[in-house]
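Heads up: the sequence shown is residues 59 to 443, going by our numbering.
Cβ atoms here follow ideal geometry from the backbone N, Cα and C, with glycine treated the same way.
Bear in mind the structure is a predicted one, so any value in this text is a computation, not a measurement.
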Amino acid sequence: MSKVFLSKCANYDLKQIEDTIRKGFLALGGDEYIRTIIKKNSKVLLKPNMIIGDKRASPAITHYIFFEAVIRVIRDYSENISYGDSPGFGEVFKSAQTLGLQEVADKYDVKLENFNKEYLTISYKDGILCKSFDVAKAAYECDVLITLPKIKTHSFMLFTGAVKNQFGCIPGVKKTQFHARMQNAENFAKMLLDLNGLLKTSFSIMDGIIAMEGNGPKNGDPYNLNCILMGDDIVAIDSVATKLIGYKNPVDTPVLKEASKYGIGETDIEKIEILGDSLHDLMVSDFKLFIKKHTAFFYIATRNSVFKKVFIPRPKLIPEKCISCRRCNEVCPKKDEVIKFVSKNGKIIPNWNMNKCITCFCCQELCPTGAIYAKQSLVQELLDR
Ligand code: SF4
Ligand code: SF4
């Protein structure tokens, strides 16, 4: 039976987070259990979510104090710790500095791996869909991969947590190639599960202290969810997290639906042993989900061009926030085909050709000013009422 440790944690107080993580390890089985994951002298890689390195303590990224608390616990089991991510845009070291992660890493002598520069092409014959990946060398070659995700909404995948976090192990612009190849949520979910299968993600410590609701995964609003989740089944961790934020059933979200279909991890809440605090006590009802109800329509629509027009949200501009930087087009997998820049009210702004758009929302995710949001279709709005 999969076990998930769930605990209240009110804020980013280093001692409180460190104590909670230690409590979590104890509840999951103590030193004996941890040693089944982190063997002596194991090479441990921490994978925070650095989505884009533009703001310290943003609810979009793994908080630097959370990161410090994890290091303080893990170094009791291994002195060989490094960390890394490939943010959606920008240079890795600069991002890590801006986010406060590098300062912490320097303090504990934790090395930053450059996922964008050092990567390998690995074949994966067991993949459901993807038989080959370009992945960060450090993520593939480590003995123990500990993922440190945030709990967030996601315009394309509805939810992002422990499984999705490993997409950052794909170096830089190669990520856009996956978006171009896996144009619907079902295939993208399969790819994420394959990626985790290849990387053998060992454990997750999830930062749900301040989560992100609304226009996630980068420009949404902070939500004080005040919790930490831990466990070695990343699918079970995400399943508990989706319940916490208000999904009726974890399989209402694409990744967990595919995980359930292929028997990867545990998505049935009844079959997950939740240790620590009660799920019922920590569940919230006012978290702004991307799509609340009838997610089945969303799911079908991502695969069907007729339904797509009716159900799928689309990128929409808030012109006042646009700084005409053109990054949206730079990160678009369909570069130059979808976004054209037009002059309006004396300003150059993007304009979308929705017939060509694959609604991956990379533009929304990586817009530096939050000028793009995912506009719900009228039909979906009505269904969500
Ligand atoms: S929408 Fe965002 S990314 Fe695109 S040009 Fe405007 S500010 Fe830049
Ligand atoms: S315009 Fe935005 S949502 Fe459409 S394909 Fe490009 S990045 Fe994806």
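### Message
List, from N- to C-terminal side, the alpha helix (DSSP H) runs of 4 residues or more that fit wholly inside the segment 72-138.
### Response
72-86, 88-95, 122-132, all fully within the segment 72-138.
### Message
For ligand 2, I want to know if Val396 counts as a neighbour, meaning its beta carbon is within less than 6 Å of at least one of the ligand's heavy atoms.
### Response
Yes, ligand 2 has a heavy atom inside 6 Å of this Cβ.
### Task
Decide if Phe217 is buried, meaning its Cβ has at least 16 other Cβ atoms within 10 Å, or exposed.
Phe217 is buried by the Cβ-count criterion.
### Query
According to the neighbour-count rule (16 or more other Cβ atoms, all chains shown, within 10 Å of its Cβ), is Leu436 buried or exposed?
It is exposed - the Cβ of Leu436 has fewer than 16 other Cβ atoms within 10 Å.
#### Entry: Proximity below 7 Å, CB of Pro312 to CB of Thr300
The answer is no: Cβ separation not under 7 Å.
### Message
Can you tell me whether Lys392 sits near ligand 2, meaning its C-beta is under 6 Å from at least one heavy atom of the ligand?
### Response
Flag set: Cβ of Lys392 near ligand 2.
### Task
With Thr234 as the anchor, note down where its beta strand (DSSP E) starts and where it stops.
DSSP places Thr234 in no beta strand (DSSP E) but in the uninterrupted alpha helix (DSSP H) bounded by 232-239.
### Message
Give me the residue from Gly185, Ala85, Leu187, Glu324 with the minimum Cα distance to Val60.
### Response
In the sequence as presented, Val is not what sits at residue 60; that position holds Ser. Considering only alpha carbons, the answer is Glu324.
### Message
For Val202 and Ser100, which I take to be in contact (beta-carbon distance under 8 Å), what is that distance rounded to the nearest angstrom?
### Response
Right, the Cβ-Cβ distance comes to about 5 Å (below 8 Å), so this counts as a contact.
#### Entry: C-alpha distance - Glu149 paired with Leu253, whole-angstrom precision
Computed Cα separation, rounded: 23 Å.
### Message
For Asn282, count the other beta carbons within 10 Å of its own beta carbon; 16 or more makes it buried, fewer makes it exposed. Which is it?
### Response
Taking every protein chain shown into account, the CB of Asn282 has fewer than 16 other CB atoms within 10 angstroms, so this residue is exposed.
### Query
For the candidate residues Ile119, Tyr91, Ser181, whose alpha-carbon lies nearest to that of Ala154?
Nearest in C-alpha terms to Ala154, of all of Ile119, Tyr91, Ser181, is Ile119.
### Query
Measuring CB to CB, does Pro373 end up less than 7 Å from Trp410?
In this structure, Trp410 lies closer than 7 Å to Pro373 by Cβ.
### Alpha-carbon to alpha-carbon, Thr427 and Ile381
Rounded to whole angstroms, Ile381 to Thr427 spans 8 Å at the Cα level.
### Query
Which ranges does the beta strand (DSSP E) cover as unbroken runs of at least 3 residues, wholly within the segment 256-333, from first to last along the chain?
Taking 3 residues as the minimum length, the beta strand (DSSP E) runs contained wholly in the segment 256-333 are 261-271, 279-289, in order along the chain.
### Query
Around the Cβ of Glu126, are there at least 16 other Cβ atoms within 10 angstroms (buried) or fewer (exposed)?
Glu126 is buried by the Cβ-count criterion.
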